[in-house]
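Colleague: There's a structure below that I have some questions on.
2 protein chains.
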Amino acid sequence: MTYSIAQAAERSGLSIDTLRYYERIGLVDPPARDSGGRRTYSDDDLGWLVFLTRMRTTGMPIRMMREYAQLRHLGAATAGRRKQMLYEHRAAVRARIAELQSCLEVLDYKITHYEQIEHTFAEGITA
Amino acid sequence: MTYSIAQAAERSGLSIDTLRYYERIGLVDPPARDSGGRRTYSDDDLGWLVFLTRMRTTGMPIRMMREYAQLRHLGAATAGRRKQMLYEHRAAVRARIAELQSCLEVLDYKITHYEQIEHTFAEGITA
DNA sequence: GGTTGACCTGGAGCGCACTCCAGCTCCTAC
DNA sequence: GTAGGAGCTGGAGTGCGCTCCAGGTCAACC
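Those sequence lines, one after another, are chains A and B.
Basically the working numbering = 1-based index in the first sequence + 159.
Basically the working numbering = 1-based index in the second sequence + 159.
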């Protein structure tokens with residue numbers, strides 16, 4: 160099964176421009192081309208794109224994804240280093256979640272504060 | 160208690176340049192100045208800066224913080240709208256956390272995959 | 001009174017991750 | 001055979017959030 164760039168964009172959640180951009184900067188291998196010179200993405204290509212979008216979502220910088228892609232290119236010998244990268248990134252994502260949760264508490268506190276003001280104000284009116 | 164810009168930077172976690180930048184774009188009110196024309200931040204100023212850094216950490220865009228700052232300036236009458244903004248932002252933060260957690264699962268899966276490869280490889284050697 | 005160091009201003013520059021554009025080719029359908 | 005639409009390329013432009021810089025002022029210490 161192969162996909163046009165439009166289909167690949169739709170399935171990966173990236174824009175067509177972004178797909179070409181990722182190819183240009185070496186984040187994805189150049190896909191096959193049809194007789195007319197158009198890109199045809201394979202299921203493997205799609206899988207990689209989806210993985211990339213997941214990593215982007217977690218805030219992995221492009222330069223890191225590129226490094227990962229290059230290691231992947233070098234084959235099984237680099238599996239250890241790739242695993243190490245994922246370990247480290249996982250730790251970063253966990254830290255980020257913790258950070259967000261801590262800020263969430265501040266938000267909750269602030270919102271409670273606003274609700275108290277409203278409450279006080281309502282009492283003032285009925286009193 | 161007042162603070163120099165360097166002290167305010169240290170306590171808020173923002174850089175000196177960022178403090179001046181925030182002032183320039185209307186995110187913080189211009190602080191008082193000493194006889195030599197230097198900024199002197201009050202405890203209130205500091206409190207606002209800390210709140211801003213929390214919101215920035217959660218990914219609130221600067222334009223939204225500016226809107227919030229402007230509403231705050233208009234006084235108690237805008238409290239409802241500010242609360243509404245915080246509600247919406249809280250929902251966004253929660254969604255973001257959920258998204259990160261879902262990507263974390265992908266990461267876990269991928270890492271497990273690498274560990275399995277290593278395991279298989281180790282067996283191959285000892286066999 | 002000279003040097004040092006913190007701070008000032010306006011404005012330019014930067015890194016990131018896209019996003020858009022002009023001008024072209026190619027296939028398809030009528 | 002031509003009109004339309006998808007895709008192609010190289011390169012320029014964008015938005016965000018800072019960050020840096022030159023050239024100056026000011027206060028304090030020696």
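Every residue gets a Cβ at the ideal spot worked out from N, C-alpha and C, and that includes glycine.
This structure is a prediction, so every number in the text was calculated from the model and none was measured.
Identify the residues that DSSP records as bridge partners of T199(A): which are they?
Modeller: Paired residue(s): A191(A).
Colleague: Does the structure place the segment 192–205 of chain A close enough to the segment 243–260 of chain B that three or more beta carbon pairs sit under 8 Å?
Modeller: No: the two stretches stay apart, fewer than three of their Cβ pairs being nearer than 8 Å.
Colleague: Looking at T199(A): is its Cβ nearer than 8 Å to the Cβ of T161(A)?
Modeller: For T199(A) and T161(A), yes; Cβs fall inside 8 Å.
Colleague: Between the alpha carbons of G172(A) and A257(A), how many angstroms are there, rounded?
Modeller: When rounded, the distance between both Cα atoms is 27 Å.
Colleague: Kindly indicate which three-state DSSP category T161(B) falls into: helix, strand or coil?
Modeller: It is a strand residue.
Colleague: Output yes if chain A places a C-beta closer than 8 Å to the C-beta of T217(B); else output no.
Modeller: Output row for T217(B): interface = yes.
Colleague: On the criterion of 16 or more Cβ atoms from any shown chain inside 10 Å, does T271(B) qualify as buried, or is it exposed?
Modeller: So T271(B) ends up on the exposed side.
Colleague: For a contact meaning CB atoms closer than 8 Å, what does A238(B) contact in chain A?
Modeller: In chain order: Y273, I276 and E277.
Colleague: How about V252(B): is its C-beta nearer than 8 Å to some C-beta of chain A?
Modeller: With 8 Å as the cut-off, V252(B) counts as an interface residue toward chain A.
Colleague: State buried or exposed for A168(A), treating a residue as buried only when at least 16 other CB atoms are found within 10 Å of its CB.
Modeller: Under this definition A168(A) is a buried residue.
Colleague: Using a Cβ-Cβ distance under 8 Å, would Y246(A) count as near chain B?
Modeller: With 8 Å as the cut-off, Y246(A) counts as an interface residue toward chain B.
Colleague: Tell me, to the nearest whole angstrom, how far the beta carbon of G185(A) is from that of A228(A); I am working on the premise that it is less than 8 Å.
Modeller: Confirmed, Cβ separation roughly 7 Å.
Colleague: Quick one: which chain A residues come within Cβ less than 7 Å of R213(B)?
Modeller: What R213(B) touches in chain A: C262 and V265.
Colleague: What residues from chain A crowd round E182(B), counting only those whose CB sits closer than 7 Å?
Modeller: Correct list: empty, because the minimum Cβ distance to chain A is about 22 Å.
Colleague: In this structure, does DSSP put L263(B) in helix, strand or coil?
Modeller: Correct three-state label for L263(B): helix.
Colleague: With a cut-off of 8 Å, does the C-beta of R179(B) fall near any C-beta of chain A?
Modeller: No, R179(B) lies away from the interface with chain A (no Cβ there is under 8 Å from its Cβ).
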